[in-house]
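Asks: Could you have a look at this structure, given as structure tokens, before my questions?
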Ligand SMILES: [Zn+2]
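In this note's numbering, the protein residues as written are 154 to 424.
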């Protein structure tokens with residue numbers, strides 16, 4: 154219970170930079186029994202996501218094409234996605250989305266791939282995880298034209314304006330808080346997470362991405378000389394919970410219970 158039972162609503166344990174350092178972080182996660190939604194980003198990493206799900210009940214897989222990777226989709230990617238989802242009946246669809254922040258963003262192609270994955274998720278009744286950067290109006294427009302997933306969806310690490318919060322809530326969005334938002338300059342985003350209804354709140358690391366400020370980390374990778382020292386350690390999840398607790402004025406234990414409950418409901422995990 155409490156801080157012993159956390160769910161990382163969005164992470165990439167299959168990322169080669171984490172997998173190659175598994176001995177440094179996995180024993181800590183396994184000892185605590187923390188669970189993670191392991192999100193694929195392109196057809197080439199789905200088998201590695203599947204391997205995590207086969208190796209431990211602490212990992213729940215999610216398969217999808219990230220908007221940064223839409224250029225890497227080939228011919229039969231839709232059939233491959235469907236077959237991974239059929240192989241793992243508990244799996245989600247993600248990480249999918251729309252992103253105008255990357256250079257040379259091909260929005261029409263991103264939207265086409267986003268829609269195809271969204272529709273497949275709704276058809277198979279799977280939870281969806283959405284990434285969006287600097288394209289929140291585009292995303293809302295898309296969501297209005299798409300069928301609603303029965304259990305809602307996750308809009309991970311939402312960094313959009315507070316004004317759009319209600320419209321996303323209406324579309325069924327749940328929001329995972331990232332430790333990255335604990336930076337002093339992120340006051341506007343912190344305001345969003347102060348206001349969100351408590352049944353829509355989750356926590357995430359997005360490890361190895363989105364490293365929180367140094368004062369808001371529980372764990373770091375060794376070897377500070379290596380490029381990898383900027384990697385987000387999955388065991389920082391407890392620091393993310395404490396950070397969200399501070400913003401909401403809750404205890405960390407309450408925050409942990411609530412976000413775990415919400416993650417169980419959204420992703421179909423046992424409580
Ligand atoms: Zn991610």
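Where is the CB? At the ideal position from N, CA and C, for every residue including glycine.
Starting from residue 342, trace the alpha helix (DSSP H) in both directions and tell me its first and last residue.
Replies: If you number the chain shown from 1, residue 342 lands on position 189. First-last of the alpha helix (DSSP H) with residue 342: 340 to 348.
Asks: Contact check, residue 328 vs residue 353 under 8 angstroms by CB: the rounded distance?
Replies: To locate residue 328, count along the chain shown from 1; it is residue 175. To locate residue 353, count along the chain shown from 1; it is residue 200. Going by Cβ atoms, the distance from residue 328 to residue 353 rounds to 6 angstroms, so yes, they are a contact pair.
Asks: Where do the N-terminal and C-terminal ends of the beta strand (DSSP E) with residue 223 fall, by residue?
Replies: Within the chain shown, residue 223 is the residue found at index 70, counting from 1. Where residue 223 is concerned, there is no enclosing beta strand (DSSP E), given that its DSSP letter is neither H nor E.
Asks: Can at least three beta-carbon pairs, one atom from the stretch 165 to 172 and one from the stretch 395 to 412, be found at a separation below 8 angstroms?
Replies: Because the criterion of three Cβ pairs below 8 angstroms is not met, the stretch 165 to 172 and the stretch 395 to 412 do not touch.
Asks: Hey, would you say the C-beta of residue 248 is under 6 angstroms away from at least one heavy atom of ligand 1?
Replies: Within the chain shown, the letter at position 95 stands for residue 248. Yes, Cβ of residue 248 sits closer than 6 angstroms to a heavy atom of ligand 1.
Asks: Where do the ends of the alpha helix (DSSP H) carrying residue 194 lie?
Replies: Within the chain shown, residue 194 is the residue found at index 41, counting from 1. Counting along the chain, residue 194 falls outside any alpha helix (DSSP H), and DSSP gives it neither H nor E.
Asks: So, residue 156 versus residue 409, is the Cβ gap smaller than 7 angstroms?
Replies: Indexing the chain shown from 1 puts residue 156 at position 3. Indexing the chain shown from 1 puts residue 409 at position 256. Yes, the pair counts as a contact, with Cβ atoms nearer than the cut-off.
Asks: So what's residue 352 in DSSP terms, helix, strand or just coil?
Replies: Here the question's residue 352 lines up with position 199 in the chain shown. If DSSP states are grouped into helix, strand and coil, residue 352 belongs with the helices.
Asks: Does the distance from the C-beta atom of residue 161 to that of residue 189 stay below 7 angstroms?
Replies: For the purposes of this step, residue 161 is taken as the residue at position 8 of the chain shown. For the purposes of this step, residue 189 is taken as the residue at position 36 of the chain shown. Yes; because the gap between Cβ atoms is below 7 angstroms, this pair is in contact.
Asks: With a threshold of 16 other CB atoms inside 10 Å of the CB of residue 342, please say whether the residue is buried or exposed.
Replies: The count along the chain shown starts at 1 and reaches residue 342 at position 189. Answer is buried; the Cβ neighbour count reaches 16.
Asks: For residue 395, count neighbouring C-beta atoms within 10 Å of its own C-beta (all shown protein chains included) and say buried if the count is 16 or more, exposed if not.
Replies: For this step, residue 395 is matched to residue 242 along the chain shown. With 16 or more other Cβ atoms within 10 Å, it is buried.
Asks: Under the assumption that residue 216 contacts residue 244 (Cβ atoms under 8 angstroms), give the Cβ distance between them as a whole number of angstroms.
Replies: On the chain shown, residue 216 is found 63 positions in, with the first residue counted as 1. On the chain shown, residue 244 is found 91 positions in, with the first residue counted as 1. Sure, about 6 angstroms apart at Cβ, within 8 angstroms.
Asks: For my contact list, residue 282 and residue 307 are in at a C-beta cut-off of 8 angstroms; report their separation, rounded to the angstrom.
Replies: The count along the chain shown starts at 1 and reaches residue 282 at position 129. The count along the chain shown starts at 1 and reaches residue 307 at position 154. About 5 angstroms; that satisfies the 8 angstroms criterion.
Asks: Report all residues from its chain with a CB closer than 7 angstroms to the CB of residue 303; omit the five preceding and five following residues, and keep chain order.
Replies: Position 150 of the chain shown, counting from 1, holds the residue named residue 303. So the list reads 278, once near-sequence residues are dropped.
Asks: Using a beta-carbon distance below 7 angstroms, is residue 327 in contact with chain D?
Replies: This model lacks chain D altogether; it includes just one protein chain.
Asks: Give me, in chain order, the residues of the same chain whose beta-carbon lies closer than 6 angstroms to that of residue 116; leave out the 5 immediate sequence neighbours on both sides.
Replies: What the structure shows of the chain is the stretch from 154 to 424, and residue 116 is not part of that stretch, so it cannot be assessed.
Asks: Measuring only the C-alpha atoms, how far is residue 369 from residue 172?
Replies: Mapped onto the chain shown, residue 369 falls at position 216. Mapped onto the chain shown, residue 172 falls at position 19. Near 23 angstroms, if we compare the C-alpha coordinates of residue 172 and residue 369.
Asks: Is it right to say residue 184 is buried, meaning 16 or more other beta carbons lie within 10 angstroms of its own, or is it exposed?
Replies: Counting from one through the chain shown, the residue named residue 184 turns up at place 31. Looking at its Cβ environment, which holds fewer than 16 other Cβ atoms inside 10 Å, residue 184 is exposed.
Asks: DSSP three-state call for residue 237: helix, strand or coil?
Replies: Position 84 of the chain shown, counted from the start, is the residue given in the question as residue 237. Of the three classes helix, strand and coil, the one that applies to residue 237 here is helix, per DSSP.
Asks: Which of helix, strand or coil does DSSP assign to residue 321?
Replies: Here the question's residue 321 lines up with position 168 in the chain shown. Looking at residue 321 - three-state DSSP - the assignment turns out to be helix.
Asks: Since residue 270 and residue 234 should fall inside the 8 angstroms C-beta cutoff, what is the C-beta to C-beta distance between them, to a whole number of angstroms?
Replies: Walking along the chain shown from the start, residue 270 turns up at place 117. Walking along the chain shown from the start, residue 234 turns up at place 81. Residue 270 to residue 234, Cβ: 7 angstroms. Contact.
Asks: Taking DSSP as the reference, what is the three-state secondary structure of residue 214?
Replies: The count along the chain shown starts at 1 and reaches residue 214 at position 61. Residue 214: strand per DSSP, three-state reduction.
Asks: If you run the structure through DSSP and keep just helix, strand and coil, what is residue 281?
Replies: The residue you call residue 281 lines up with position 128 of the chain shown. Three-state result, residue 281: strand.
Asks: Under 6 angstroms: does the beta carbon of residue 359 sit that close to some heavy atom of ligand 1?
Replies: For the purposes of this step, residue 359 is identified with residue 206 of the chain shown, where counting begins at 1. For ligand 1, at least one heavy atom lies less than 6 angstroms from the Cβ of residue 359.
Asks: Suppose you measure from the CA of residue 252 to the CA of residue 192; what does that come to, to the nearest Å?
Replies: Indexing the chain shown from 1 puts residue 252 at position 99. Indexing the chain shown from 1 puts residue 192 at position 39. Between residue 252 and residue 192, the C-alpha separation is close to 17 angstroms.
Asks: Please confirm whether residue 332 and residue 393 have their CB atoms less than 7 angstroms apart.
Replies: By 1-based counting over the chain shown, the position of residue 332 is 179. By 1-based counting over the chain shown, the position of residue 393 is 240. In this structure, residue 393 lies closer than 7 angstroms to residue 332 by Cβ.
Asks: In or out: residue 313 buried (at least 16 other Cβ within 10 Å) or exposed?
Replies: Here residue 313 refers to the residue found at position 160 when the chain shown is read from its first residue. It counts as buried.
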